[in-house]
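All remarks here apply to the structure that follows.
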Amino acid sequence: MKTVEKTLLTIEALNILGWAEQEDGFIANVKLPVKLMWNLQDDLKALIEIREKFNEFNKKIEEKYGDDEHSFDAEEIDNNGQTQKMRRVRDEYLEEFNKERNEIFIQENSIKVKVFDIEDFGDIEVSVQDMGMLGFFIADAEDTVEAEVVED
């Protein structure tokens, strides 16, 4: 195992976290060696910090566009047929709102993560989706070429 510096977009971090935190997902259901799970949890903490920054930014955007000048009260029917009250951004501010909001999704974040050799996971069954997400945590040729090895 080695620690490397990786760069990923906020949306990538949110997607990996969403996958990792699924109650019935891979991490919740697969039994892995304790050391591996411990180090995975450390890696997830770095991703959680990115999510916290995203949530702070989102809160600022909601405050900026949540007033009566920029938005209005609306009702929407959800998938269950229930009426939900919400704030909707006025059309004249929608483009600006979406641009500001989308900027955070494509923001690059540099974090240190522990990466593992694929053999560290042992002989477990992995879906294609899980393998795609686990790829972030698995050392590959890219890590030795593009990422700086920080420690062993």
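Per the numbering used here, residue 3 is the first one in the sequence shown, and the count goes up by one each step.
Note that beta-carbon positions come from the ideal geometry of N, C-alpha and C, so glycine has one too.
Given the structure is predicted, the values throughout are model-derived calculations rather than measurements.
- In this chain, E51 is not harboured by any beta strand (DSSP E); it is covered by the alpha helix (DSSP H) spanning 36-67.
- Taking C-beta atoms as the reference points, L16 and R53 count as a pair closer than 8 Å.
- Here F139 is not near L34, since their CB atoms are 8 Å or more apart.
- The three-state secondary structure of V130, taken from DSSP, is helix.
- Between the beta-carbon of L136 and that of V128 there is about 7 Å, and that keeps the pair under the 8 Å contact cut.
- By the CB criterion at 8 Å, A141 and K4 fall inside the cutoff.
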